[in-house]
Amino acid sequence: MGACASTQLTSKGAKLCWQSNVNIIHLDGKLEQFNEPIKAEHALFQNPNCFLCSSESMYVGSLLPHVDPNEELQFDHIYFLMPLSKSHVPLSLHDLCALAIKANAALVRSELITTNSIMKSSSVANANCVAYQSLSKGYPH
Numbered sequence: 229m230g231a232c233a234s235t236q237l238t239s240k241g242a243k244l245c246w247q248s249n250v251n252i253i254h255l256d257g258k259l260e261q262f263n264e265p266i267k268a269e270h271a272l273f274q275n276p277n278c279f280l281c282s283s284e285s286m287y288v289g290s291l292l293p294h295v296d297p298n299e300e301l302q303f304d305h306i307y308f309l310m311p312l313s314k315s316h317v318p319l320s321l322h323d324l325c326a327l328a329i330k331a332n333a334a335l336v337r338s339e340l341i342t343t344n345s346i347m348k349s350s351s352v353a354n355a356n357c358v359a360y361q362s363l364s365k366g367y368p369h
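Every position in the sequence shown, counted from 1, becomes a number in the working numbering once 228 is added.
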């Protein structure tokens, strides 16, 4: 009997195995996963008009902090590639909700679903989207 340790559930026939990944959500909603350490510059090199931000550091009403290009990306975290034009615009609740939904959809589409990532994106989507819907009732979009 073998044991696999980490945090990502994959299905290979009837055998289940846990693996960790770095998760990057592209502008088009595509999920890119890495199962070995990478630096932010790897994603940024391929996307020169973008910056990378961590889902862990997104707050409504605040600017999105850029991940330093030399920073090693963390396993089981979700990172978003964002257009440079969003660099100096505070994150709205609507935008946060849209990003959470985009991340959740990308993870669900993926054959490799990170349990921790889904729980994080689902909780963000549920909490913030419910709040957004409550706040936006009666306001035109």
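A virtual CB, placed ideally from N, CA and C, is assigned to each residue, including glycine. It should be emphasised that the depicted structure is a prediction, and the values quoted were computed from it without experimental measurement.
Count the other C-beta atoms from every protein chain shown that fall within 10 angstroms of the C-beta of residue i, then say buried if there are 16 or more, exposed otherwise.
i	result
S248	buried
F273	exposed
L255	exposed
L372	Residue 372 is absent from the structure shown; the chain starts at 229 and stops at 369.
Within this structure, are the beta carbons of residue i and residue j separated by less than 7 angstroms?
i	j	result
S282	V295	yes
N263	I306	no
A331	I266	no
A334	L259	yes
Relative to the alpha-carbon of residue i, which residue among the options has its alpha-carbon at the smallest distance?
i	options	result
M310	P293, I266 and S338	P293
F303	V317, Q261, L291 and S290	Q261
For a cutoff of 7 angstroms on Cβ pairs, would you count residue i as touching chain B?
i	result
K258	Given the protein chain composition of this structure (a single chain), no chain B is represented.
Under three-state DSSP, which class holds residue i?
i	result
S338	coil
C281	strand
E299	coil
N263	coil
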